[in-house]
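Participant:
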Amino acid sequence: MARFLDRYRTEIVPALMERFSYRNVMEVPRLQKISVNMGVGLASENRKRLEAAMGDLEIITGQRPAITRAKGSHAGFKVRQGMAIGCRVTLRGRRMYEFFDRLVSVAIPRIRDFRGFPTKSFDGRGNYSMGLEEQIVFPEINIDRIEFPQGMDVTFRITNSTDEESRELLGLFGFPFRRD
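For the sequence shown, the numbering used here begins at 154 and goes up steadily by one.
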């Protein structure tokens, strides 16, 4: 069993039930999915950038990414409708908890001059989004083989919750929020 899943069931659920006075275990917020997205802006000019991003995302998440395509044409960005512009992965279940564990325990502490993630990145429905500037914070990525440094967006979809409840849930997992 994933370490964070076991921790959620044994420590976090009872703590949240006590803190928010839930009457039923099903009322407790839980992680539904984690979406990881890499937008490759220069994919239209260089196909290798998209392939490198897909390879890195597959190594990081352990799951094959899907290609995202442009919804509309934008002449200023040299993008036509249907052109491949990025890749994404949606993680659920055991893989989601393992990725979250590696993100919090290994990757985030490797970020240089890190002071925490902002608490204002909640969407009003309890979901949280954050960005990472480079994929090299994950130890699975070999720094010597990186051709193109690439950032990524990570979105946590949390069920049954408000922003305050989600902040508490992520905080109990050890997610590093900025102290304002």
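Positions of the beta carbon are idealized from the N, C-alpha and C atoms, including for glycine.
1. With a threshold of 16 other CB atoms inside 10 Å of the CB of Thr-303, please say whether the residue is buried or exposed.
2. Tell me which residues share the same chain as Ser-188 and place their Cβ nearer than 6 Å to its Cβ, disregarding the 5 neighbours each side in the sequence.
3. Distance check for Met-191 and Ala-228, CA to CA, integer angstroms please.
4. Going straight from the alpha carbon of Asn-199 to that of Arg-222, what length do you get?
5. Would you list the one or two residues that DSSP bridges to Met-283?
6. Please go through the same chain and pick out, in chain order, the residues whose beta-carbon is closer than 8 Å to the beta-carbon of Arg-248, but skip the five residues on each side of it.
7. Restricting to Cα atoms, I'd like to know which of Met-283, Ser-282, Arg-298, Tyr-281 is closest to Ile-289.
8. For the beta strand (DSSP E) that Leu-256 lies in, which residues bound it at each end?
9. Only counting the same chain, and skipping five residues up and downstream in sequence, which positions put a Cβ closer than 7 Å to that of Thr-315?
10. So, for Leu-158: in the same chain, excluding its five sequence neighbours on each side, which residues have a beta-carbon less than 6 Å away from its beta-carbon?
11. For the alpha helix (DSSP H) holding Thr-214, just list the boundary residues, first then last.
12. How would you label Met-305, buried or exposed, when you count the other beta carbons within 10 angstroms and need 16 or more for buried?
13. State the DSSP-derived secondary structure class of Val-193, mapped to helix, strand or coil.
Facilitator: In short:
1. Residue numbering aside, residue 303 sits at position 150 when the sequence shown is read from its first letter. Before going on, a small fix: residue 303 reads as Gln here, not Thr. Label assigned to Gln-303: buried.
2. If you number the sequence shown from 1, residue 188 lands on position 35. Around Ser-188: Thr-243, Thr-308.
3. Numbered from 1 along the sequence shown, position 75 holds the residue referred to as residue 228. Numbered from 1 along the sequence shown, position 38 holds the residue referred to as residue 191. Taking the straight line joining both Cα atoms gives about 21 Å.
4. For this step, residue 199 is matched to residue 46 along the sequence shown. For this step, residue 222 is matched to residue 69 along the sequence shown. The alpha-carbon atoms of Asn-199 and Arg-222 are separated by roughly 15 Å.
5. Reading the sequence shown from its first residue, position 130 is the one you call residue 283. According to DSSP, which records beta bridges pairwise, Met-283 is partnered with Val-307.
6. Taking the first residue of the sequence shown as 1, we reach residue 248 at position 95. The residues are Thr-214, Gly-215, Gln-216.
7. Locating residue 289 in the sequence shown gives position 136, where the first residue counts as 1. Of the candidates Met-283, Ser-282, Arg-298, Tyr-281, the residue whose Cα lies closest to the Cα of Ile-289 is Arg-298.
8. Along the sequence shown, read from residue 1 onward, the residue named residue 256 stands at position 103. Unbroken run through Leu-256: none, as it is neither H nor E.
9. As a first step, residue 315 is located in the sequence shown; it is residue number 162 there, counting from the start. Gly-279, listed in sequence order.
10. Indexing the sequence shown from 1 puts residue 158 at position 5. Correct list, in chain order: Tyr-250.
11. Walking along the sequence shown from the start, residue 214 turns up at place 61. Per DSSP, Thr-214 belongs to the alpha helix (DSSP H) from 200 to 214.
12. Your numbering for residue 305 matches position 152 in the sequence shown. Residue burial annotation: Met-305 is buried, with at least 16 other C-beta atoms found within 10 angstroms of its C-beta.
13. By 1-based counting over the sequence shown, the position of residue 193 is 40. Per DSSP, reduced to three states, the secondary structure at Val-193 is coil, with no helix or strand assignment.
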